[in-house]
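A.B. asks: Using the working numbering, the first residue of the sequence shown is number 1473, and each one after it goes up by one.
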Amino acid sequence: TRTTHQTTMSTMNVHIAGARARVTAPKASRKAMITRATVDKTPSSATRAGAAVSTATTAIATLASAHAAHANEVAEVAAGAGFAIGGAVVLAGAGAALVLTDPSKRRETMMSETGGDEAASVRNYFDTTGFERWNKIYGETEDVNKVQLDIRNGHQQTVDKVLNWLKNDDLNGVTVCDAGCGTGSLAIPLALKGASVSASDISSAMVGEAERRFNDQVAAGAKAPAQAPKFDAMGLEECTGQYDMVTCIDVMIHYPKDRVDGMISHLASLSSKKLIISFAPKTVSYLILKRIGELFPGPSKATRAYLHDEGDVEAALAAAGFRVKRRQMTATSFYFSRLLECERV
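1) Identify which residue in Asp1716, Ser1672, Thr1613 and Lys1695 has its Cα closest to the Cα of Asp1650.
2) Pick out the complete beta strand (DSSP E) segments inside the stretch 1605 to 1688, 3 residues or longer, and give them in chain order.
3) Can you tell me whether DSSP reads Tyr1597 as helix, strand or coil?
4) Which residue comes first and which comes last in the alpha helix (DSSP H) that contains Val1732?
5) Looking at the secondary structure, which residues open and close the beta strand (DSSP E) in which Leu1708 lies?
6) Measure the beta-carbon distance from Phe1598 to Ile1674 and round it to whole angstroms, keeping in mind my assumption that it falls under 8 Å.
7) With 16 as the cutoff for other CB atoms within 10 Å, does Thr1647 come out buried or exposed?
8) Using the C-alpha atoms, what's the distance from Ile1609 back to Arg1624?
9) Hey, quick one: how far does the alpha helix (DSSP H) through Asp1784 stretch, first residue to last?
10) Is the Cβ-Cβ distance between Val1631 and Ser1657 less than 8 Å?
11) Nearest-angstrom Cα distance between Leu1739 and Thr1613?
12) Evaluate contact between the stretch 1632 to 1643 and the stretch 1680 to 1696, counting only Cβ atoms and requiring at least three cross-stretch pairs below 8 Å.
13) Measure how close the beta-carbons of Asp1716 and Lys1746 come, nearest whole angstrom, since I'm counting them as under 8 Å.
14) Out of Val1616, Leu1811 and Glu1681, which one is the CA nearest neighbour of Met1801?
15) Taking just the CA atoms, how far does Ala1752 sit from Gly1626?
16) Buried or exposed: where does Ser1743 fall if 16 or more other Cβ atoms within 10 Å of its Cβ makes it buried?
17) State the Cα-Cα distance for the pair Ala1705 and Ser1750, rounded to the nearest angstrom.
18) Going by C-alpha distance, which of Arg1763, Gln1629, Glu1681 and Asn1644 is nearest Arg1605?
19) Give me, in chain order, the residues of the same chain whose beta-carbon lies closer than 8 Å to that of Gln1628; leave out the 5 immediate sequence neighbours on both sides.
20) DSSP three-state label for Ile1721, please.
21) Which class does Ser1809 belong to by DSSP, given the choice of helix, strand or coil?
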């Protein structure tokens, strides 16, 4: 429900597990909000700002009410994910203040280990603590909390939408490059439907798990395809060859715009017909939620999360010779992803 909040509001009440905590915005924040309210009086802007604050407040209350036993896990929400909140009590300022706050010190520390190499940072994370976390989230174990289960369901919804788009296609012999395959959530079902799949991931741990899961499913009775899928540890930009279809699901959240533009161009160069990608869309509400997470980092390090403007993504696709044929949005409590099916012009 979209509701309008006064942007000059200096306090908000957040109910946490039956207790009530009064959160007061600093003077500087109140002044900034009052100034913005004076400059920008258009109803549409006020409505958008109010809705964004309302969305953030709802998310805060939801996260904070999670069971205390999972407080640390709640602290790492990444949807493909990529924002986090944690602790028994959550302190939140106004939405505008959250968007303007830049946790650059923590980001610089995260990148210092790899000399500023974004891809190396992603690889390191998903080969270590990230693998343990996401292997559990993308698995079938019941040892997950409500937040992790929500992310698992959101990601699976995105995968199911791709498979639904392809349900009437004969995939036997269709060549597919699944870049950033993770644990094989999309690569494996495509292979079992007869596609000739080349699956890759920057993390050797993730792609190794994908291969293991495929072999386990075949051993359990799934019909093996005429050509077994190939699983390789390599970065997205290292993929080569020509394919009927290229897929890249829940990967671009880990990279900034300039890097994503190049990724889209490279992925497009590999596809002769179809390109299916997903990304976390940049909206006011999602920017606020993401910023909240950055202000409350979890117990283990995560990669940086980047939201992307849909217009920018479409411009990069057009420059690469592709146009959007279909699009869908997946949005759960802690997972959001825009899915695009594109065809060569």
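Ideal placement from N, C-alpha and C gives every residue a C-beta, glycine not left out.
C.D. replies: According to the structure shown:
1) Ser1672
2) 1647 to 1651 and 1668 to 1673
3) helix
4) Lys1729 to Leu1742
5) Element bounds for Leu1708: n/a, residue is neither H nor E.
6) 7 Å
7) That one is buried.
8) 6 Å
9) DSSP places Asp1784 inside the alpha helix (DSSP H), whose first and last residues are Glu1782 to Ala1791.
10) yes
11) Roughly 33 Å between the two C-alpha positions.
12) Counting C-beta pairs with one atom in each stretch, the stretch 1632 to 1643 and the stretch 1680 to 1696 have fewer than three that are closer than 8 Å, which means they do not touch.
13) 7 Å
14) Residue Leu1811 is the option with its Cα nearest to Met1801.
15) 12 Å
16) buried
17) 21 Å
18) Glu1681
19) Ser1657
20) coil
21) Note: Ser1809 maps to strand in three-state DSSP.
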